[in-house]
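Counting in UniProt numbering, the sequence shown runs from 1 upward without gaps. The beta carbon of each residue, even a glycine, is placed where N, CA and C say it ideally should be. A short worksheet on the structure shown next.
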Amino acid sequence: MRKQTAMNRDWIATARTLSEALPYLQRYTGAIVVIKFGGHAMGDDAEMESFARDVVLMRQVGVNPVVVHGGGPMINEMLAKLGVQSEFVRGKRVTDAATVEVVEMVLSGRVNKRIVQAINDQGGRAVGLSGKDGGLMLCDQTDAALGFVGTPSEVNPRVLHSLFEAGMIPVVAPIGAGHAGETFNVNGDTAAGAIAAALKADRLLLLTDVAGVKDAGGEVVTELSPDHIRALTEEGVIAGGMIPKTETALAAIEGGVRAVVILDGRAPNACLLELFTDHGAGSLIRAPRQTG
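Next up, the structure:
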């Protein structure tokens, strides 16, 4: 028998939050949400556990999440351990035949399975795959000077829809196949954007180590249009590592994604805050004609 205790304000606040989440839970039932998981949170066990729990909760309430991950630091660690030397062109690593073998081993193996296990440990049913599985992601070579670095040219989402129907949570490593059977390393944000566009996802969540897109005064802009993004980029306000993320967002929206959110993956329960509360958790990017 449960012990009777006095009402606690925190418990009441929790119940109120759950009640207020109802419209959002209804709104996202059956929706597809693609999450690019990377940055600091990937290397922290507690944050990995928290992220996995959030993904399982999303699936439990009827959302169809897809996790696309990166793994740059883990790749660098393994390359150093194996003594594989890297060359750089214009500041970018050349992915030669030896390097792409290590990249595939780390991303499709160690990193992918760690995320899968974390989700399964929280009661989910995750399945790990790469863009090579089921013909998910066909790539063109991005730049001959960079070697086996690919840009998605075709994405076949049927395998993901099959996993949704089976109640599974796909976890995708950003490795693609070339037209001649080559293996290509794909930027994680780019892969997530291409997959989201192919799925016509309701949301693409790009988890980063910053709070979102900032204006000239350093304040996070909570909502932007594609034209606003382009203007901030031309003015030099959007610069550095934020440029490829906003480019991914624009390409995803043009490809049919309803909205993209760039948010801080270090914030506790960032995905849940964004989807199921009034507050949001980053910078929302969508075309002006869209609502909701």
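- Around the beta carbon of S162, fewer than 16 other beta carbons sit within 10 angstroms, so the residue counts as exposed.
- Apart from the 5 residues on each side of it in sequence, N269 sits with its Cβ closer than 8 Å to the Cβ of S50 and D54 in its chain, given in chain order.
- Straight-line spacing of the CA atoms in K200 and G255 works out to 7 Å.
- Note on geometry: alpha-carbon atoms of E274 and L79 lie some 36 Å from one another.
- Under the criterion of beta carbons closer than 8 Å, I115 and F37 qualify as touching, at roughly 7 Å.
- Here P174 is buried. Its C-beta has 16 or more other C-beta atoms within 10 Å.
- When the five nearest sequence neighbours on each side are left out, the beta carbons in the same chain lying within less than 7 Å of the beta carbon of V155 are those of L136, M137, A194, I195 and A198, in order along the chain.
- Taking 7 Å as the cut-off, the beta carbon of V111 is found no closer than this to the beta carbon of M168.
- DSSP lists L284 as the beta-bridge partner residues of E223.
- T183 and V100 have their C-alpha atoms some 7 Å from each other.
- In this structure C271 touches I35 by the C-beta definition: roughly 6 Å separates them, less than 8 Å.
- By the neighbour-count criterion, in which 16 or more other beta carbons inside 10 Å mark a residue as buried, D140 falls on the exposed side.
- By the Cβ-count criterion, H279 is exposed, with fewer than 16 other Cβ atoms from all chains shown falling within 10 Å of its own Cβ.
- Taking C-beta separations shorter than 6 Å and ignoring five residues to either side along the sequence, A46 has no partners in its chain.
- In this structure, the straight-line span from the alpha carbon of E223 to that of G71 is close to 28 Å.
- Note: G128 is bridge-paired with V171 in the DSSP secondary-structure output.
- Under the three-state reduction of DSSP, P268 is assigned to coil, being neither helix nor strand.
- In this chain, the alpha helix (DSSP H) harbouring I195 covers G188 to L199.
- Listed in chain order, the non-local C-beta contacts of A259 below 8 Å within the same chain comprise D202, R203, L204, I253, L284, I285, R286 and Q290, local neighbours out to five positions each way being set aside.
- L107 has its alpha-carbon roughly 12 Å from the corresponding atom of N187.
- DSSP lists G150 as the bridge partner or partners of Q141.
- Nearest neighbour of I229 by Cα position, chosen from E219, R27, G217 and I243, turns out to be I243.
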